[in-house]
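Residue 126 is where the sequence shown ends in full-length UniProt numbering, and the numbering goes up by one at each step. In what follows, a structure is listed as structure tokens, so that the remarks can point back to it.
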Amino acid sequence: MKTAKDYLEEANAVITRIPTEEAIKKHGADDGGIWIDVRDSGDIAKTGTIKGAKRVPRGFMEFAADPASPYHKDFLKPDGKYYLVCGAGGQAALAGKTLKEMGYTDVTNVGGVPDWKNAGGPTEEA
1 MKTAKDYLEE ANAVITRIPT EEAIKKHGAD DGGIWIDVRD SGDIAKTGTI KGAKRVPRGF
61 MEFAADPASP YHKDFLKPDG KYYLVCGAGG QAALAGKTLK EMGYTDVTNV GGVPDWKNAG
121 GPTEEA
């Protein structure tokens with residue numbers, strides 16, 4: 001039987017996680033990457049999110065990322081660059097692994113919104 005820890009370890013093995021300070025520099029450099037908050041709307045409403053971040057809940061990622069799905073989000077393309085954020089980094093890693101398995105090649109975990117805010121990263125309200 002697989003545990004949550006097993007799933008998280010597998011995700012962390014295939015998704016690069018960068019330090020918050022590095023992520024803030026990349027956000028400021030506007031390297032063409034798309035920032036995505038994978039938390040549910042209730043959590044985003046409580047804390048806000050990274051400035052300019054799209055919102056795709058982790059439980060909806062497969063539908064949003066699949067071009068054949070009627071729920072596909074046009075900004076999700078396998079050859080794009082994506083930075084994922086959540087509450088602490090776990091959901092972002094798991095969503096990133098899903099994207100990798102779906103053929104997305106450039107996916108980075110930037111950790112959690114609280115760390116982003118504590119480091120002075122730009123935010124916006126929900």
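We put the beta carbon where it would ideally sit given N, CA and C, even for glycine.
Rounded C-beta distance between residue i and residue j? I'm assuming under 8 Å.
{"i": "Phe-75", "j": "Ile-34", "result": "6 Å"}
{"i": "Val-107", "j": "Tyr-82", "result": "5 Å"}
{"i": "Val-85", "j": "Gly-52", "result": "Wrong, their Cβ atoms sit about 11 Å apart, outside the cutoff."}
{"i": "Ile-36", "j": "Lys-25", "result": "With a Cβ gap of about 18 Å, Ile-36 and Lys-25 do not count as contacting."}
Thinking C-beta only, is residue j closer than 7 Å to residue i?
{"i": "Ala-119", "j": "Glu-21", "result": "yes"}
{"i": "Tyr-104", "j": "Pro-67", "result": "no"}
{"i": "Gly-121", "j": "Asn-109", "result": "no"}
{"i": "Pro-19", "j": "Asp-40", "result": "no"}
{"i": "Thr-123", "j": "Gly-28", "result": "no"}
{"i": "Leu-94", "j": "Ala-4", "result": "no"}
{"i": "Ala-92", "j": "Val-38", "result": "yes"}
{"i": "Ala-64", "j": "Met-102", "result": "no"}
Quick one: what's residue i bridged to in DSSP?
{"i": "Lys-100", "result": "Paired residues: none, contrary to the question."}
{"i": "Lys-54", "result": "Ile-36"}
{"i": "residue 128", "result": "No answer is possible for residue 128: it lies beyond the span of the chain, which begins at 1 and ends at 126."}
{"i": "Thr-16", "result": "Thr-108"}
{"i": "Thr-123", "result": "Ile-50"}
Can you find a CB in chain D that lies within less than 7 Å of the CB of residue i?
{"i": "Arg-58", "result": "The structure shown contains no chain D; it holds only a single protein chain."}
Here's a check: name, in chain order, each residue in its chain whose Cβ is nearer than 8 Å to the Cβ of residue i, leaving out the five neighbours to either side.
{"i": "Lys-100", "result": "Val-14, Ile-15, Val-107"}
Among the residues of its own chain, which have a CB less than 7 Å from the CB of residue i, if the five just before and after it don't count?
{"i": "Gly-32", "result": "Lys-81"}
{"i": "Met-117", "result": "Sequence check: residue 117 is Lys here, not Met. Excluding positions up to five away in sequence, the list reads Thr-123."}
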